[in-house]
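No gaps in the numbering here: position 312 of the sequence shown is 311 in numbering that gives the first Met the number 0, and each next residue is one more.
One structure is given here, and the rest of the page talks about it.
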Amino acid sequence: MSSIYLNNLNPAERTALIEKLWHIQNGKCFITNEQIDLQLHISDLDIDHVIPSKLDGKDDPSNFALTFSSANRSKQAADLNLARILHAFSKIQENLKKKEDRSPNLDDILKLQGGATDKIRFKLSDDKVSYSFSSLGRPEIITQDVYIDKLSGLKYFFAVFPIQYLHHDNVINPRAIGSNISKLVDEFYSGNPQLHISLGWVDIKSEEESEIKIFDGQHKAAAQILLNTLNIPVRVFINPDRDKLILTNFRAGTTLRQVAFDKSVQRHLGNTLYWDRVTRYQEELKLEKDNFNFSERQLVGYFKGESRELKRYILDSVRDAITRHPENKLIEFVDMGGRAKEKPLSYSTIEKTFYPFFIYQDLLDTPISYRLDEGKNPRSLETEQIVRLMSIIAEELFIGKFDLELGTFKIENRIQNGENLPADHVRAYRMVKEEILHNWLRFIGQIIQNHFISLGIPIDDKKLFQNEFSDVLWKIITNSIINLSNLPLWKNNSLAVSVFGGKQNYHYWHSIFTTGNSPQGVKVLPEPINLMKLQQ
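And the structure:
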């Protein structure tokens, strides 16, 4: 909203106000906290209300702040105090992405404000728990009631803890904190109450200090910490069965859908549960920790009461290994929580194409350690080769060709409206639409299978990627992807309405690839796909 006060200032008065605000703010932008040089930046500065006029902010210098124009006009909130907080979080995101290629979690937010530094000692009786914050210079003893959950049998208590004693449990809850936290920050900043407190657990042992591990409600905790709340209410479980908490959290995000876990996080939790069962199997059969001389089928047979779940955990472990593989170049172009406007692939598409096509979906009878040292273990080979395929696709279609800043938003509409988009960018976007990728990845699978058959090697098509691919085969795969990418339809702007203009089904694109025509008879390719020519 415009300012009557500012509009009435003459140039000299405005300059004087800028200099006054600059001194008050120690020469820094109110939003970004970056240094302002009044000589270099004078034409790129805004004076704005800290509290907007529409929220009853005063229209006078006491409510003004000096900002970079770019920061002020791209801010995520009208209130400059809130905009400053959200900008600080965005910088955390940027720095972690650049340095560690990951998104922030609760641990990062805690450490931003000096949290996650201390342990605490508890004294536990049947119905009371006592502690003090002596490491913070607060030696008074605090005593809380201990409750027992009648259904689970778990003991717990409620308390408010300084953030120095809080730590993130990234095993039970590996979720990253995304940009949608801005809504929670705004909610709490507006004075609305927190309706559900965070959940934590602690392993209390006599005479030992403990960490309070937060495993649920991390977004609410992070939002409060960003707003400079340094004491967080927590429901703390005492000496819980950690496996039960992992399983409960996993079911909350899958079966019960109580938690908004994206699929990639669900797979990571499934991987955690799988390796927990492996450890329990070793312990109960008194095997050494490095003894993996048992198969997936033996493992599932041992835990008979949860055979269906354990099979899912095993497959989750494979999917998680591929997704989190450090050499998987395609993942940079995959949005884990849906399909964003920047990235061309969703994790859901990966789950519906690469993983069901190329991961063996049944249990293996070979030991988990079988030929592991040689790099010939079936699951390891499967993982490495799927990662290599995904990376080849990234290299041929995306790296240096797809512009994440240009993104995917309404690509076909923009083409229809005459916008001149880079042809390689459009091609990459079109080739990995789910219904299209589904079809041509099938062709890649057939080409791989036919190669083994041509060599006289019997092949189980369900275990395709558990067979070692030769350099010759990798060359064939690469050639096939390049030739697919060179098909003229990907760069044909006239098809933006008739073929690419809406979401089609798998059959629609199967018809195009196998006949050259759409089901409606529209000529799309000069000739059907020929798998032999594709390999050349």
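Glycine included, every Cβ here is placed at the ideal spot set by N, Cα and C.
Quantities reported herein were computed from a predicted structural model and do not represent experimental measurements.
For threonine 142, three-class secondary structure by DSSP | DSSP places threonine 142 within a strand segment (E or B) once states are collapsed to three.
Own chain residues within Cβ distance below 7 Å of isoleucine 392, not counting five before or after = Residues of the same chain with a CB within less than 7 Å of the CB of isoleucine 392, apart from the 5 flanking positions on each side, are Leu329, Ile480 in chain order.
Which stretch, first to last residue, makes up the beta strand (DSSP E) that contains lysine 539?
-> This structure does not reach residue 539, given that the chain is present from 0 up to 535, and the question cannot be answered.
Return the chain-ordered list of same chain residues with a C-beta closer than 8 Å to the C-beta of glutamine 571, the five sequence neighbours on each side being excluded.
-> The requested residue 571 does not occur in the structure, where the chain is confined to residues 0 to 535.
When the Cβ atoms of the region 91–111 are set against those of the region 213–232, are three or more pairs found closer than 8 Å?
-> By the C-beta criterion, the region 91–111 is judged to be in contact with the region 213–232, since at least 3 inter-stretch pairs fall below 8 Å.
State the DSSP-derived secondary structure class of glutamine 112, mapped to helix, strand or coil.
-> In the three-state scheme derived from DSSP, where H, G and I count as helix and E and B as strand, glutamine 112 is classed as coil.
Would you identify the three-state DSSP class for aspartate 106, choosing helix, strand or coil?
-> Three-state result, aspartate 106: helix.
Please report how far the alpha carbon of glutamine 503 lies from the alpha carbon of valine 521, in whole angstroms.
-> Spanning the two alpha carbons is a distance of roughly 14 Å.
Inter-residue Cα distance where the pair is isoleucine 213 and glutamine 24 | Straight across, the Cα-Cα distance linking isoleucine 213 with glutamine 24 is about 36 Å.
What alpha helix (DSSP H) runs, 4 residues minimum, are completely inside the region 238–316?
-> 241–252, 262–283, 295–301, all fully within the region 238–316.
Would you call the region 305–314 and the region 77–94 touching, i.e. three or more CB-CB distances under 8 Å?
-> They do not touch, by the three-pair rule.
Taking 9 Å as the cut-off, decide whether the C-beta atoms of isoleucine 511 and leucine 488 are in contact.
-> By the CB criterion at 9 Å, isoleucine 511 and leucine 488 fall inside the cutoff.
Candidates Glu139, Gly500, Leu153: which alpha carbon is nearest valine 145's?
-> Ranking the options by Cα distance to valine 145, first place goes to Leu153.
Tell me which same chain residues have a C-beta within less than 6 Å of the C-beta of threonine 116, skipping the five on either side of it?
-> The beta carbon of threonine 116 is closer than 6 Å to those of Gln163 in its chain, skipping five residues each way along the sequence.
When DSSP labels each residue in this structure, what does leucine 123 get in the three-state scheme?
-> Strand.
Using three-state DSSP, classify isoleucine 528 as helix, strand or coil.
-> DSSP places isoleucine 528 in coil when its eight states are reduced to three.
I think glycine 406 touches glutamate 341, with their Cβ atoms under 8 Å apart; what is that distance to the nearest whole Å?
-> Indeed they touch by this definition, with Cβ atoms about 4 Å apart.
Residues bridged to valine 159 [DSSP beta-bridge criterion] = According to DSSP, valine 159 bridges with Pro232.
Round the Cβ separation of serine 209 and isoleucine 349 to the nearest angstrom and send it over; I've been treating them as touching at under 8 Å.
-> The C-beta distance from serine 209 to isoleucine 349 rounds to 39 Å, too long to fall under 8 Å, and the pair is not in contact.
Cβ-based burial, alanine 259 [other Cβ within 10 Å; buried from 16] | No answer about alanine 259 holds up, because its pLDDT of 47 lies below 50 and its placement is not dependable.
Can you have a look at isoleucine 3 and say buried or exposed, based on whether 16 or more other CB atoms are within 10 angstroms of its CB?
-> By the 10 Å Cβ count, isoleucine 3 comes out exposed.
Can you list, in chain order, the residues of its chain whose CB lies under 8 Å from that of valine 386, leaving out five sequence neighbours each side?
-> Around valine 386: Ile321, His324, Glu326, Asn327.
Provide the residue span of the alpha helix (DSSP H) that contains tryptophan 439, from first to last.
-> Its alpha helix (DSSP H) spans residues 433–453.
Given 8 Å as the limit, is there contact between the region 45–55 and the region 64–74, that is, 3 or more CB pairs closer than that?
-> A contact between stretches requires three or more CB pairs, one per stretch, nearer than 8 Å, and the region 45–55 meets this requirement with the region 64–74.
Does the distance from the CB of leucine 380 to the CB of isoleucine 446 come in under 9 Å?
-> In this structure, isoleucine 446 does not lie closer than 9 Å to leucine 380 by Cβ.
Would you say asparagine 376 touches the ligand NAD, meaning its beta carbon is less than 8 Å from a heavy atom?
-> Among the components of this structure there are no ligands whatsoever, and the ligand NAD is therefore not found.
How about the region 435–451 and the region 349–367: do they share at least three Cβ pairs that are nearer than 8 Å?
-> Note that the region 435–451 touches the region 349–367; at least 3 beta-carbon pairs, one per stretch, sit closer than 8 Å.
Taking glutamine 92 as the reference, which of Ser178, Tyr130, Asp148, Tyr155 has the closest Cα?
-> Across the set Ser178, Tyr130, Asp148, Tyr155, the C-alpha of Ser178 shows the shortest separation from the C-alpha of glutamine 92.
Rounded to a whole number of angstroms, what is the C-alpha to C-alpha distance between glutamine 281 and threonine 477?
-> The alpha-carbon atoms of glutamine 281 and threonine 477 are separated by roughly 42 Å.
Buried or exposed (CB count within 10 angstroms, at least 16 for buried), glutamate 526 | Glutamate 526 should be labelled exposed.
Leaving out five residues before and five after arginine 1 in sequence, what residues of the same chain have Cβ atoms less than 8 Å from its Cβ?
-> What sits at residue 1 in the sequence shown is serine, not arginine. Taking serine 1 as the centre and dropping the five residues before and after it, the same chain places no C-beta closer than 8 Å to its C-beta.
For alanine 422, count neighbouring C-beta atoms within 10 Å of its own C-beta (all shown protein chains included) and say buried if the count is 16 or more, exposed if not.
-> A residue is called buried when at least 16 other Cβ atoms come within 10 angstroms of its Cβ; alanine 422 does not meet this threshold and is exposed.
Work out the CA separation of threonine 513 and lysine 90 for me, nearest whole Å.
-> The straight-line gap from Cα to Cα measures roughly 48 Å.
Label phenylalanine 157 either buried or exposed according to how many other C-beta atoms from any shown protein chain fall within 10 Å of its C-beta, with 16 as the threshold for buried.
-> Phenylalanine 157 comes out exposed.
Can you say whether proline 377 is buried or exposed, counting buried as having 16 or more other CB atoms within 10 angstroms of its CB?
-> With a threshold of 16 other beta carbon atoms within 10 Å, proline 377 meets it and is buried.
For tryptophan 21, I'd like the list of residues in its chain whose CB is within less than 7 Å of its CB, leaving aside the five on either flank, ordered along the chain.
-> Spatial neighbours of tryptophan 21 in its own chain (CB-CB distance under 7 Å, excluding positions within 5 residues in sequence) are listed in chain order as Ile35, Leu37, Leu65.
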